[in-house]
Ligand code: GLC
């Protein structure tokens, strides 16, 4: 497994999209009556929910535009919901009729997506829900099963399960055979069955035979290459490679009743925090039913792109910088350059501790290279007797240096022990 690229990718884009986006309904969850973690999720009769599958026709779907947008943000990889819990496939599948092939749109959305993203040099991830609330052998979720309970779900007979498992393996095989090199398979929904029922290890074996360089999300139990904290940043950086997936408002799919958007500044701060802890931010977007990105999301993405045009160097391809006691804020590094992310406005100076102060070559503003004045201090005897003492830097940060979203300061050091 080659996951080197993932370990310093830092920014990915998640795309939650499905037929229910036409009505501004969250993906899948409305049909089971909502879920506590999605406060704006609708509650829709199953039949009504599925009625939008027949009318899906995203005439404004332009994956090249999505790819350009992703590129402008500095995104390294993109992940699309090829099939969410509602079972509707955005790809052409031989395994069932329940897919985009049987809509007025007809085209293979996954194929068009992969082609456009690859043309921009982006790595490709496919989200796939193991659970399928539509498949008769899963078995399908019915009105009688409401309200949804994690510990009380409709269960299949043994024969049903064997048929479903085969169907699911076949769909995964299609995804990993028909679309060229796939960099990530992002499973979800595994909580509904046991690892034995999923035959997780056998599935992982098949996947790695089909795509030797692929990364598998940890939601395929015991087989994951990276952890997937959802909607939060772990307090301590996990030991394994990790990625936080995060929505811009509080919904995954386009949800017209959710106006609870995070600010551009909050999103940028989250990106800095995640990078400082060696993780990736998988930022979610929610295209509308016609394929356009909602304006509230575009506005924020443009702010992030503008900030990244000045600061991508301190995020992409970096490793974590200093220890938390050395600087009050997330920091990263690349070679001998340390990047300090100021997520609060300083009074007039900031302090950085435990640095080899005699080796500091320059302190500057990442955005435009402005040199910043600094002084240093260390223990008196150290300053006399130690040729390479550790000490503290006090850096002046004039008001003119403050970025409206997050200020980034670079410290160049001769060599770091
Ligand atoms: C949850 C939800 C799902 C969403 C996913 C993204 O597992 O069930 O709607 O796609 O998180 O991380």
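Numbering (the numbering used here), first residue to last: 1 to 417.
Just so you know, even glycine gets a beta-carbon here, dropped at the ideal spot from N, CA and C.
Mind checking whether the beta-carbon of residue 245 lies closer than 7 Å to any heavy atom of the ligand GLC? Yes, the Cβ of residue 245 comes within 7 Å of a heavy atom of the ligand GLC.
For residue 447 and residue 258, which I take to be in contact (beta-carbon distance under 8 Å), what is that distance rounded to the nearest angstrom? The structure shown does not extend to residue 447, since the chain is modelled only from 1 through 417, so no value can be given for it.
First and last residue of the beta strand (DSSP E) that includes residue 201? For residue 201, no beta strand (DSSP E) segment is defined; the enclosing uninterrupted segment is the alpha helix (DSSP H) at 200 to 210.
Ordered list of beta strand (DSSP E) runs contained in the region 328 to 364, each at least 3 residues: Fully contained in the region 328 to 364 are the following beta strand (DSSP E) runs of length 3 or more, in chain order: 331 to 334, 337 to 342 and 349 to 356.
Nearest to residue 211 (by Cα), restricted to the options 125, 234 and 408: Comparing Cα positions, the closest option is 125.
Could you pull the start and end residues of the beta strand (DSSP E) that residue 127 belongs to? Where residue 127 is concerned, the enclosing beta strand (DSSP E) stretches over 123 to 129.
Is the distance from the Cβ of residue 202 to the Cβ of residue 131 below 8 Å? Not in contact: residue 202 and residue 131 (Cβ atoms no closer than 8 Å).
Residue 28 beta carbon near the ligand GLC (any heavy atom closer than 7 Å): The ligand GLC has a heavy atom closer than 7 Å to the beta-carbon of residue 28.
Given 8 Å, three or more beta-carbon pairs between the region 353 to 360 and the region 391 to 399: Touching, yes.
Tell me which residue opens and which closes the alpha helix (DSSP H) that residue 145 is part of. Element bounds for residue 145: n/a, residue is neither H nor E.
So residue 78 is in the beta strand (DSSP E); what residue range does that whole segment cover? Going by DSSP, residue 78 is part of the beta strand (DSSP E) stretching over 77 to 83.
Using 8 Å for Cβ pairs, my map puts residue 49 next to residue 110. What's the rounded Cβ distance? Contact between residue 49 and residue 110 does not hold, since their C-beta atoms are separated by about 22 Å, which reaches or exceeds 8 Å.
Please report the distance separating the alpha-carbon of residue 417 from that of residue 386. Only weak support is given to the placement of residue 417: the predicted model assigns it a pLDDT of 46, under 50, and the question is left unresolved by the model.
Would you say residue 34 and residue 129 are within 8 Å of each other, going by their C-beta atoms? Going by C-beta atoms, residue 34 is not nearer than 8 Å to residue 129.
Label residue 133 either buried or exposed according to how many other C-beta atoms from any shown protein chain fall within 10 Å of its C-beta, with 16 as the threshold for buried. Buried.
Rounding to the nearest angstrom, what Cα-Cα distance links residue 23 and residue 289 in this structure? Answer to the nearest angstrom: the Cα atoms are 7 Å apart.
In this structure, does DSSP put residue 252 in helix, strand or coil? Note: residue 252 maps to coil in three-state DSSP.
Could you give the distance in angstroms between the alpha-carbon of residue 362 and the alpha-carbon of residue 61? So the two alpha carbons sit approximately 48 Å from each other.
Within 10 angstroms of its Cβ, does residue 18 collect 16 or more other Cβ (buried), or is it exposed? Residue 18 is buried by the Cβ-count criterion.
Close Cβ partners of residue 147 (< 6 Å) along its chain, the five nearest in sequence each way excluded: Correct list, in chain order: 33.
Cβ-Cβ distance between residue 418 and residue 75 below 8 Å: Limits of the chain in this structure are 1 at one end and 417 at the other, which puts residue 418 out of reach.
Closest residue to residue 287 among 143, 320, 56 and 239 (Cα-Cα distance): The shortest C-alpha separation from residue 287 is found at 56.
For residue 65 and residue 122, I'd like the C-alpha separation in whole angstroms. Linking residue 65 to residue 122 through their CA atoms gives a straight-line distance of about 13 Å.
Relative to the alpha-carbon of residue 383, which residue among 405, 359 and 373 has its alpha-carbon at the smallest distance? Per the C-alpha coordinates, the member of 405, 359 and 373 positioned closest to residue 383 is 359.
Residue environment, residue 246, which counts as buried when at least 16 other CB atoms sit within 10 Å: Around the Cβ of residue 246, a 10 Å sphere holds 16 or more other Cβ atoms; the residue is buried.
Out of 291, 196 and 307, which one is the CA nearest neighbour of residue 112? Out of 291, 196 and 307, 291 has the C-alpha closest to the C-alpha of residue 112.
What does DSSP give as the partner residue(s) for residue 12 in the beta ladder? Per the DSSP secondary-structure output, residue 12 pairs in a beta bridge with 77 and 282.
Cβ of residue 326 less than 8 Å from any chain C Cβ? Judged by its chain identifiers, the structure shown contains no chain C, having just a single protein chain.
If I measure Cβ to Cβ from residue 101 and keep anything under 7 Å in the same chain, skipping five residues before and after, which residues do I get? So the list reads 92, once near-sequence residues are dropped.
Over the uninterrupted beta strand (DSSP E) stretch that includes residue 391, give me the two end residues. 390 to 396 is the extent of the beta strand (DSSP E) around residue 391.
Spatial neighbours of residue 82 in its chain, beta-carbon cut-off 7 Å, leaving aside the 5 residues before and after: So the list reads 89, 90, 91, 110, 126, 127, 128 and 175, once near-sequence residues are dropped.
Straight-line CA distance for residue 105 to residue 54? Note on geometry: alpha-carbon atoms of residue 105 and residue 54 lie some 10 Å from one another.
Residues sharing a beta bridge with residue 320, DSSP: DSSP lists 332 as the beta-bridge partner residues of residue 320.
If residue 240 and residue 226 are in contact, beta carbons under 8 Å, what's the gap, nearest whole angstrom? Right, the Cβ-Cβ distance comes to about 6 Å (below 8 Å), so this counts as a contact.
State the DSSP-derived secondary structure class of residue 105, mapped to helix, strand or coil. Note: residue 105 maps to coil in three-state DSSP.
From this set, 6, 250 and 282, which residue's C-alpha is nearest residue 80's C-alpha? Cα-wise, what sits closest to residue 80 is 282.
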